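> Chains as they are written, first to last, in this note's numbering: chain A, 1 to 323; chain B, 1001 to 1386; chain C, 2001 to 2174; chain D, 3001 to 3186. Even glycine gets a Cβ: it sits at the ideal position worked out from N, Cα and C. Keep in mind the model is a prediction, meaning the values are calculated, not measured. One structure, pasted below without further comment.
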Amino acid sequence: MIEAIPIQLVIMLVGLAATMAFVGLNAIVLVYLERKVAGFIHRRPGPYEVGPHGILQPFADGLKLVGKQIFTPKGADSFLYWLAPMISMAPAVVCFLVIPFGPHLQIINTNVGLVLILAFTGVNVLALCIAGWTSQNKYSLLGAARGVSQSVAYEIPLLLSVLPIIFLTGTFNLFDIATNQGSWPWQWFVVTQPLAFIIFFICALAETNRAPFDLPEAESELTAGFHTEYSGMGFALFFLSEYAYMVIAACVGAILFLGGFKGPIVDGWWWFLAKVYILLLIMIWIRWTFPRVRFDQLLNICWKWLIPLAILNLLITLLVIAL
Amino acid sequence: MNLDLRLDTSGDFYAQKFQPTKREDTLILNMGPQHPSTHGVLRIILEIDGEYIVRAQPVLGYIHRMHEKMAEVMSYPQYLPNPARTDYLHALAWGWAHVGAVERLMGLEVPERAEFIRVITCELNRINSHLLWWGAYLLDLGAFTPIMYAFDDREIIMDIMQRVTGSRLTYCYYRFGGVSGDIDDRFVSETREQCARMKERFKMYKALVTENFILRKRVEEIGEISVDTCRRYGATGPVLRGSGQEYDVRRAEPYSVYDRFDFNIPAYNDCDAMGRYLVRMDEMQESIKIIEQALDALPEGDFIHPKAPKRAKPPAGDVYFAVEGARGKIGMHLVSDGGKSAYRLKLRAPGFSNLSLFGEVSQGTLISDAVSILGSLDLVIPEIDR
Amino acid sequence: MDNLASENLAWIVLFGHIAIIVAGGFITVLSESLVRALMGLILTLFGVAGLFFLMAAPFIGLMQILIYVGAVSVLIFFAIMLTNAWPGGDESGNISGKKVIFAILASIAPAVFLGSAALRTAPPSIFVPEETEVRELGRFFLEPYILPFELISLLLTVAMAGAVILVFERRKKK
Amino acid sequence: MSDQAEKSVTAPEKEEAAKTEEKVPLYTGYDLDYFVTPKDLIDAVRKLDQAGFFLEDISCLDMKEGFQLVYHFDRFDQPGRVGLRVMQDRENHDVPSIHHIYPGADWHERECFDFFGIRFKGHPNLLPLLLDPDHQGPPPLIKDESARKSLEELYPDRVTTPVNIEDEQFTREITNCSNPKYRNPS
Chain A
1 MIEAIPIQLV IMLVGLAATM AFVGLNAIVL VYLERKVAGF IHRRPGPYEV
51 GPHGILQPFA DGLKLVGKQI FTPKGADSFL YWLAPMISMA PAVVCFLVIP
101 FGPHLQIINT NVGLVLILAF TGVNVLALCI AGWTSQNKYS LLGAARGVSQ
151 SVAYEIPLLL SVLPIIFLTG TFNLFDIATN QGSWPWQWFV VTQPLAFIIF
201 FICALAETNR APFDLPEAES ELTAGFHTEY SGMGFALFFL SEYAYMVIAA
251 CVGAILFLGG FKGPIVDGWW WFLAKVYILL LIMIWIRWTF PRVRFDQLLN
301 ICWKWLIPLA ILNLLITLLV IAL
Chain B
1001 MNLDLRLDTS GDFYAQKFQP TKREDTLILN MGPQHPSTHG VLRIILEIDG
1051 EYIVRAQPVL GYIHRMHEKM AEVMSYPQYL PNPARTDYLH ALAWGWAHVG
1101 AVERLMGLEV PERAEFIRVI TCELNRINSH LLWWGAYLLD LGAFTPIMYA
1151 FDDREIIMDI MQRVTGSRLT YCYYRFGGVS GDIDDRFVSE TREQCARMKE
1201 RFKMYKALVT ENFILRKRVE EIGEISVDTC RRYGATGPVL RGSGQEYDVR
1251 RAEPYSVYDR FDFNIPAYND CDAMGRYLVR MDEMQESIKI IEQALDALPE
1301 GDFIHPKAPK RAKPPAGDVY FAVEGARGKI GMHLVSDGGK SAYRLKLRAP
1351 GFSNLSLFGE VSQGTLISDA VSILGSLDLV IPEIDR
Chain C
2001 MDNLASENLA WIVLFGHIAI IVAGGFITVL SESLVRALMG LILTLFGVAG
2051 LFFLMAAPFI GLMQILIYVG AVSVLIFFAI MLTNAWPGGD ESGNISGKKV
2101 IFAILASIAP AVFLGSAALR TAPPSIFVPE ETEVRELGRF FLEPYILPFE
2151 LISLLLTVAM AGAVILVFER RKKK
Chain D
3001 MSDQAEKSVT APEKEEAAKT EEKVPLYTGY DLDYFVTPKD LIDAVRKLDQ
3051 AGFFLEDISC LDMKEGFQLV YHFDRFDQPG RVGLRVMQDR ENHDVPSIHH
3101 IYPGADWHER ECFDFFGIRF KGHPNLLPLL LDPDHQGPPP LIKDESARKS
3151 LEELYPDRVT TPVNIEDEQF TREITNCSNP KYRNPS
């Protein structure tokens, strides 16, 4: 028994290190990708100066952020103020532990994987609140208030859109959900549950505060919302966690609806990564295409459209299963 | 951790003079002068209830340069570049208002070719101004991409203008009795090309942006301004035409050769931000129509009156000269005592009057809508502050 | 030997969690700033979730995080943000010795009662944790315990409706 | 008030004498141009308001006789500019604020207060608008004693008698005021 625990511990620690590296690497790739795609959509080259085709731009950005002065606003509770970015980042790392990247590439295979991800991503709101409250800035406060109402509201349709898949597969285990789907695209849940997928995707955008739902940090209204006052690494951590949550959302979407690591010919992590990045690219595409919605519109979309539709979808699914 | 911000007395002069309503559950928010959506250095003190605006008060003067005093100490030709610095987006219209006022007082005639050149360049400048407004407005609404497309078109127009005027933004092209340099065939052909290109681009803009669902939800029925509100505040330009009143100085007080062109005055009865948006989009197309007609009918002749005085010295008296700028009626009240500089030059900035109605219109709206309204007024702060 | 080591490890983990819970509790009670108090509460909730994990009930642990940390604390935070609290409330004065003693007694009392009750009528799973399937858990709630389960949800609905009505009443007064 | 009125009464007599026949027919941008007394201003503005005019701007001049405030009005549907000129004593400011008729005048009046130091009677919020609130010294557009010109020098051949706004003719004139070049946009 003594052998068993340390091995699990070792796996967990190695896994944590690996996920940290994965998060960092993804952030680097995504920063570059986001800027390049934005450039493509804007009909401009995007980053081009640092390294060939600007490939070193994310590193330059990172270096700049590390080199910036760490600044705490006057009268702020500095402990909580600096705790907030960490609270935002830490749960993201945990979530990656349960994601099955490939048939043999999963750090912890647990029966409650999906619940774990849902639980830990919810903690992010708390970070947002603390950041907004301790910044001693009215814009931050408004941003935090928006963030709370937004994520509390959108968590409901998100859960409701995930439920049909759980009913279909009868498990919370992400690995099992992935293997429940076939290798070919028409065997994926996106075919049987298109509405759930759309709702899930919209909610994922809203939960990760991505445009057109980036209201907590709407720069034309609230300057930068909850992270107005953050500089240097504090801002970098928020930035990093935003990308991390984007990746998590894309991962969950890929597993639940697109068959995870299953794919034509040979299953493997390459299919998974490809699907994740397709979803991420769609997110980036949407961000650079649409204007921002208004706050009341955002909540109306949630309460008047997404929740009833999700419930309807759930009921239909249940009816079909029962029959 | 005292966040009772109503009791905060650390604010500056204007924050202390701001009289909030007698409510206890509101917050005072200082928006600007470095806020991203106040376009430069406008500052607005807001009293908000949640995200609803109870009272809004703009604070001006952060980029005030006392252009009116400069007019009194500089000679007339020295003052020529100044009007362009007030409204850097539609610099030529301001320049025109200035030379127009002096010409009217002196009774100076402008050769026909110069009038046509003025019309062409001023309309090109108007398109440029509206394009930047379009991009910046959508930026306010959270769409980043359109401004890049707008700059694509702007660059071409600025290149065309640079060759004849010598500058890209704050043009000083008009002189008393004409313009500073003649246009050539290359200018004409490039302008024609750009007009043809713009027509295609407008179709794309319509499909990509104007018909976007989220955009429509953000601008329709937002910031409704009635004609009477416009009248009480003296709002003109697209703000007024977006309320359905067809009032355009080019038609109402025809100056130069505008009465020879066939163009419409777009007006929309919706009175909302969408109306103002559509007016500007249509106006660019009308400008292209004017430019094409002017290019077709471009007469030969002098580009400046041969007897135009080097040092203008208008006789004593006063005139008022108004032109239609991209933001509305630009007026100059020039009083001369017969000296070599103006006795008094009063600049009427359209943005000044347009902004003054913001306090009334923004009452009871959300902050997001206020940003949308502010953007739809098309503010250029240097013009307002002068 | 092996068994002993693993048992020691288990004790360490258990008391580590208990220490976290107690520390969180003290932060909650003693901090002057409401937000810090809430942070203490959240720390406690995380500790309790950890205990659920130790008892091989990860589903309950995660639900603890999802509902209490992700939703309830956030709503409490929202309430703090909206109410404008300052550190000079009714309880900010000096604390008398008598009060401290009563407070300690009051806080120990439930631990003593509940602890003794739990130890006396302990189910066998308290010593050898067994993981219960989520499916069985659901059955458990919806078959033998359906009435209390539904009653709780009814209570929550009533509470929510009451809150909404209160808010509307306040608005009407203005 | 009385001081100012005397001045404007004395002015026209000289004006009358200086009036010559070889006046150049120059369009000055004004279709109608009146001098009014500060007392009559509110009534005149109210009449313009009823006739559907909007306020373009309020200009001000520093001259020997005092300050001259020039209110410019124009109309949307039947364009034509009306100028109202009010002579204002240098020391005693008795010109009333018209912000309750034209709320847009609020800022224009504040601007005049900034640049000339004119205190409008009844203005609710007469704070510096464009200038720094800490601005020291005289208002920037006040001229030196030597640089000031008189009405006569600035407006040769101009009638500077305040108009009687109770007159039917005034009302008729402003109602029918229109730009000679104006053509219907249809």
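Report the neighbours of A119/A on chain C: residues whose CB is nearer than 7 Å to its CB, in chain order.
Mapped onto the first sequence, residue 119/A falls at position 119. Here the neighbours are L2062, I2065, L2066, G2070.
> Using CA coordinates, which residue listed in C302/A, M246/A, I28/A, L142/A is at the minimum distance from E217/A?
Residue numbering aside, residue 217/A sits at position 217 when the first sequence is read from its first letter. Nearest of C302/A, M246/A, I28/A, L142/A to E217/A, Cα basis: L142/A.
> Within 10 Å of its beta-carbon, does E155/A have 16 or more other beta-carbons around it, so buried, or fewer, so exposed?
Here residue 155/A refers to the residue found at position 155 when the first sequence is read from its first residue. By the neighbour-count criterion, in which a residue is buried when 16 or more other Cβ atoms sit within 10 angstroms of its Cβ, E155/A is buried.
> When you check each C-beta in the segment 9-35 of chain A against every C-beta of chain B, which residues fall closer than 7 Å?
none
> So, does the CB of Q297/A fall closer than 7 Å to a CB anywhere in chain B?
As a working note, residue 297/A is residue 297 in the first sequence. Q297/A counts as touching chain B.
> Any idea what DSSP makes of C3177/D, helix, strand or coil?
The residue you call residue 3177/D lines up with position 177 of the fourth sequence. Here C3177/D sits in coil by DSSP.
> Give me the chain A residues within the contact set of F2059/C, using Cβ-Cβ distance strictly less than 9 Å, ordered along the chain.
Counting from one through the third sequence, the residue named residue 2059/C turns up at place 59. Under the 9 Å cutoff, chain A gives N111, V112, V115, F172.
> Provide the residue span of the beta strand (DSSP E) that contains N1030/B, from first to last.
Along the second sequence, read from residue 1 onward, the residue named residue 1030/B stands at position 30. Start and end: 1027-1031.
> Expressed to the nearest angstrom, what Euclidean distance is found between the alpha-carbon atoms of Q3169/D and Y3034/D?
For the purposes of this step, residue 3169/D is taken as the residue at position 169 of the fourth sequence. For the purposes of this step, residue 3034/D is taken as the residue at position 34 of the fourth sequence. Between Q3169/D and Y3034/D, the C-alpha separation is close to 12 Å.
> Counting Cβ pairs closer than 8 Å, one from the segment 3143-3160 of chain D and one from the segment 3059-3073 of chain D, do we hit at least three?
yes
> Using a Cβ-Cβ distance cut-off of 7 Å, determine whether V2167/C contacts chain A.
Mapped onto the third sequence, residue 2167/C falls at position 167. Judged by the 7 Å Cβ criterion, V2167/C is not in contact with chain A.
> Looking only at its chain, what residues have a beta carbon closer than 6 Å to the beta carbon of G132/A, apart from the 5 residues adjacent to it on each side?
Reading the first sequence from its first residue, position 132 is the one you call residue 132/A. S140, L141, G143, A144, F226.
> Excluding the 5 residues flanking I1373/B on each side, which residues of the same chain have their C-beta closer than 8 Å to its C-beta?
The residue you call residue 1373/B lines up with position 373 of the second sequence. Within the same chain, I1373/B has close Cβ partners I1222, G1223, A1273, F1358, V1361, S1362, T1365.
> Just the chain A side, please: which residues come within less than 8 Å of V2164/C by C-beta, in chain order?
Taking the first residue of the third sequence as 1, we reach residue 2164/C at position 164. Ordered by position in chain A, no residue passes the 8 Å Cβ test against V2164/C, which lies about 13 Å from the chain.
> Using 7 Å as the limit for Cβ to Cβ distance, is S3146/D near chain B?
Here residue 3146/D refers to the residue found at position 146 when the fourth sequence is read from its first residue. Output row for S3146/D: interface = no.
> Tell me, please, whether the segment 2153-2168 of chain C touches the segment 1060-1077 of chain B by the rule of three or more beta-carbon pairs shorter than 8 Å.
no
> Which one or two residues does DSSP pair with F3054/D in a beta bridge?
Counted from its first residue, the fourth sequence places residue 3054/D at position 54. Beta-bridge partners of F3054/D (DSSP): D3074/D.
> Applying the criterion that 16 or more other CB atoms from any shown protein chain within 10 Å of the CB defines a buried residue, is W1096/B buried or exposed?
Residue 1096/B sits at position 96 when you count from the first residue of the second sequence. Label assigned to W1096/B: buried.
> What does R2036/C touch in chain A if you count any residue whose Cβ is under 9 Å from its own?
For the purposes of this step, residue 2036/C is taken as residue 36 along the third sequence, with counting starting at 1. Result: D77, F79, L80.
> Who are the near neighbours of E3173/D in its chain, counting only those whose CB is closer than 7 Å to its CB and skipping five residues on each side?
To locate residue 3173/D, count along the fourth sequence from 1; it is residue 173. Taken in chain order, the residues that qualify are L3032.
> Can you check whether the C-beta of F2141/C is within less than 7 Å of a C-beta belonging to chain A?
Sequence index remark: in the third sequence, residue 2141/C carries index 141 (1-based). By this cut-off, F2141/C is not an interface position.
> Out of curiosity, what's the CA-to-CA distance linking M2081/C and Q136/A?
Numbered from its first residue, the third sequence carries residue 2081/C at position 81. Numbered from its first residue, the first sequence carries residue 136/A at position 136. One C-alpha to the other measures close to 12 Å.
> Any idea which residues DSSP pairs Q3068/D with across the strands?
Here residue 3068/D refers to the residue found at position 68 of the fourth sequence. Paired residue(s): L3061/D, M3087/D.
> Is there a C-beta anywhere in chain A that falls below 7 Å from the one on P1036/B?
As a position in the second sequence, residue 1036/B is number 36, starting the count at 1. By this cut-off, P1036/B is an interface position.
> Which same chain residues end up closer than 6 Å to Y1343/B when comparing Cβ atoms and leaving out the 5 residues on each side of it in sequence?
In the second sequence, the residue the question calls residue 1343/B occupies position 343. Around Y1343/B: V1335, S1336, D1337.
> Going along chain B, which residues have a C-beta under 7 Å from R3081/D?
Position 81 of the fourth sequence holds residue 3081/D. The answer, in chain order, is Y1320.
> Do V1099/B and F1176/B have their C-beta atoms closer together than 7 Å?
Taking the second sequence and counting its residues from 1, the one referred to as residue 1099/B is at position 99. Taking the second sequence and counting its residues from 1, the one referred to as residue 1176/B is at position 176. Yes, the pair counts as a contact, with Cβ atoms nearer than the cut-off.
> Applying a beta-carbon distance threshold of less than 7 Å, which residues of chain D neighbour R1348/B?
Position 348 of the second sequence holds residue 1348/B. Within 7 Å Cβ-Cβ: E3056, D3057.
> Can you give me the C-alpha to C-alpha distance between F59/A and M86/A, rounded to a whole angstrom?
Taking the first residue of the first sequence as 1, we reach residue 59/A at position 59. Taking the first residue of the first sequence as 1, we reach residue 86/A at position 86. For F59/A and M86/A, the distance between alpha carbons rounds to 21 Å.
> Does the CB of M1066/B have a neighbour CB from chain D at under 7 Å?
Working through the second sequence from its first residue, we reach residue 1066/B at position 66. Chain D has a Cβ within less than 7 Å of the Cβ of M1066/B.
> Hey, quick one: how far does the beta strand (DSSP E) through Y1255/B stretch, first residue to last?
Mapped onto the second sequence, residue 1255/B falls at position 255. First-last for Y1255/B: undefined, no H or E at that position.
> Could you please give the first and the last residue of the uninterrupted beta strand (DSSP E) stretch that includes L1334/B?
Counting from one through the second sequence, the residue named residue 1334/B turns up at place 334. It spans 1329-1336 - the beta strand (DSSP E) in which L1334/B sits, taken as one unbroken run.
> Along the chain, where does the alpha helix (DSSP H) containing Y243/A start, and where does it finish?
One-based indexing of the first sequence puts residue 243/A at position 243. That run of the alpha helix (DSSP H) goes 232-257.
> Who are the neighbours of K3149/D on chain B, taking C-beta pairs under 7 Å?
Your numbering for residue 3149/D matches position 149 in the fourth sequence. Correct list: D1337, Y1343.
> Could you round the C-beta distance between Y1171/B and A1084/B to whole angstroms and report it? I think they count as a contact, below 8 Å.
Working through the second sequence from its first residue, we reach residue 1171/B at position 171. Working through the second sequence from its first residue, we reach residue 1084/B at position 84. 6 Å between Cβ atoms; contact.
> When you check each C-beta in the segment 37-65 of chain A against every C-beta of chain B, which residues fall closer than 7 Å?
Within the segment 37-65 of chain A, the residues whose Cβ lies closer than 7 Å to some Cβ of chain B are I41, H42, R43, R44, listed in chain order.
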